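For reference, the structure discussed in these notes is given below.
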Amino acid sequence: MNQEEQSIFQHIENTSMQNIYACNIFLQAQNALQQKDFILAYKLMNIYRNSILYNDLKTVDNRTNKNPKASVIVVAYNTQEDLITCLQSVMDGNEKDIEIIVVDNGKNDSVVPILLKMDILYIKTPINLILSEGRNIGVHFATAPICIFLDDDAIAPPNFVEKILDVLLDTNLSAIRGKILPKTTTAFQIAEPCYDLGDIPIPSVINTEGNSAWRTNIYKEFDGMDPLLFGHEGTELSYRIHQKYSKDATFYFPTIYIYHDSAHDEQKSVIKEARHQLMRKYLNWKKEQKVKIAQTIKQNTLVNLEQRYKKASQWRKVLSLCLLDPKRLKTNIYNKYIENTKRNSLEK
């Protein structure tokens, strides 16, 4: 057993049996997703979400700010020294009224001793729970009304958090995203179209999750990000928010920027695109399921309306026809009532 395997084994050994069970279900859900068995993946992930006990996760809390305005959440996996640089950029950025939460998804053992000395809440997951669930865990432990997600290898400029607070504290927006600028100049650097939407604030889905901020209560209201998603998770959550509130509930602000590199080589870019294609197929499946559910609910509602109408007394039927627009009664209840009335009058 090598050092990495020993580390993973030790983390699992220190995990509660309940969370070991939950993590096993999580891995099964991810495997079903890779096999494109979306029904099984979705069901298994729901079991995971109802089983995982966030408060049983290993944590070390060195936070000194007891009343922060913003929780900066960094989900880390195999970033090592880049993670320390990222956190230091936030700490050196003249930021006030913040707390920093690090969710360690694994392969950062070499810098854990440094992390445990920093003014942060450190959370260790038993296995790699992917970015979406890592963010959900971070929000669970957050104490501020605003949650900011920052990529683990990004660099935040001075006053990064202050600019976010200036926007969210003065508006009713549910979430915002910013611009992403390249951190380094490499031979292979793909500029993602979503990284820079221009120099004017505009409505936008949150498709740069690593530079985004959310109202904590809104994020929790919608149960956070879908743990199955590893790509497009912010977009999917944005759409759910839009359905209840407005398409203008999520916005892009160019003055809120970070430095972060996209894929460093062609192979990583190909892997990322293949993963995103799978995520899009899963999202299309979810959309189809919602349509089917909506149609079923609508059909059941219409059937129930007709049954209730048939059982109603005569005066209730007359009252319902006065209150409702006949055009909306797609079961032809109105026409049936008129026919029955004419037939009854002829019989008399």
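In UniProt numbering, the protein residues as written are 1 to 348.
We put the CB at the ideal spot given by N, CA and C, even for glycine.
Please read these numbers as outputs of a predicted model, since none were measured by experiment.
So, under 8 Å CB-CB, residue i and residue j are touching, yes? Tell me the CB distance rounded to an integer number of Å.
i           : j    : result
A22         : A32  : At roughly 16 Å, the Cβ-Cβ gap does not stay under 8 Å, so A22 and A32 are not in contact.
I258        : I148 : Contact flag wrong, Cβ pair sits at about 10 Å.
residue 422 : K183 : Lying outside 1 to 348, the shown extent of the chain, residue 422 is not represented and no answer is given.
G224        : N136 : 4 Å
K283        : H242 : Lys is not the amino acid found at residue 283; the sequence shown has Leu there. Not really, about 15 Å apart at Cβ, beyond 8 Å.
S132        : D226 : 6 Å
A249        : L173 : 6 Å
K124        : L181 : K124 to L181, Cβ: 31 Å. No contact.
Please go through the same chain and pick out, in chain order, the residues whose beta-carbon is closer than 7 Å to the beta-carbon of residue i, but skip the five residues on each side of it.
i           : result
E347        : Here E347 scores only 48 on pLDDT, less than 50, and its place in the model should not be relied on; the value that follows carries that caveat. If we look at E347 and ignore the five residues flanking it on each side, it has no Cβ neighbours.
L115        : V102, Y122
A274        : none
C194        : N207, T208
M17         : none
F38         : Y282, W285
K247        : P203
L44         : I25, Q28, A29, A32
residue 359 : Because the chain in this structure spans residues 1 to 348, residue 359 falls outside the shown range and cannot be described.
E236        : D226, L229, L283
Y219        : V139, C147
N128        : Y77, N105, G106
P158        : G93, N94
T255        : K163
T185        : none
T59         : L121, Y122, I123
Y245        : S174
F222        : L237, R240, I241
Note down, in chain order, each residue of its chain lying with its Cβ closer than 8 Å to the Cβ of residue i, except the 5 sequence neighbours on either side.
i    : result
I202 : F251, Y252
Q30  : A41, I130, L228
V111 : Q80, E81, L83, I84
N108 : A76, Y77, N78, T79, Q80, L83, L115
V90  : V72, I98, I100, L150, A156, F160, V161
C86  : V74, T79, L150, D151, D152, D153, A154, I155, A156
Y54  : I137, H140, F141
Y239 : V205
T216 : S71, V139, A142, A144, P145, I146, C147
Identify every residue that forms a DSSP beta bridge with residue i.
i    : result
W214 : C147, A175
I180 : I258
T59  : I123
I39  : DSSP, once it has assigned bridges, lists no residue as partnering I39.
P203 : F251
Tell me which residues share the same chain as residue i and place their Cβ nearer than 6 Å to its Cβ, disregarding the 5 neighbours each side in the sequence.
i    : result
K100 : For the record, residue 100 in the displayed sequence is Ile; it is not Lys. Only V72, I120 meet the Cβ criterion.
D196 : K179
F26  : Y48
T15  : P126
N65  : E99
M279 : L229, G231, H232
G134 : V75, V103, N105
From the beta carbon of residue i, is the nearest beta carbon of chain B less than 8 Å away?
i   : result
E95 : The structure shown contains no chain B; it is built from a single protein chain.
> Would you call the stretch 158-172 and the stretch 44-52 in contact, with 3 or more CB pairs under 8 Å?
Replying inline: No, they do not touch.
> In the stretch 217-271, which residue ranges form an unbroken beta strand (DSSP E) of at least 3 residues, counting only runs that do not cross its ends?
Replying inline: Correct list: 250-259.
> Does the stretch 207-215 come close enough to the stretch 168-178 to have 3 or more Cβ pairs within less than 8 Å?
Replying inline: Short answer: they touch.
> If you scan the UniProt domain "Glycosyltransferase 2-like" (71-178) from start to end, which runs of the alpha helix (DSSP H) of 4 or more residues do you find wholly inside it?
Replying inline: Along the UniProt domain "Glycosyltransferase 2-like" (71-178), the alpha helix (DSSP H) occurs as fully enclosed runs of 4 or more residues at 81-91, 112-115, 130-141, 160-168, listed in sequence order.
>> Count Cβ pairs between the stretch 67-86 and the stretch 137-147 that sit closer than 8 Å; are there 3 or more?
In response: At 8 Å Cβ cutoff, the stretches touch.
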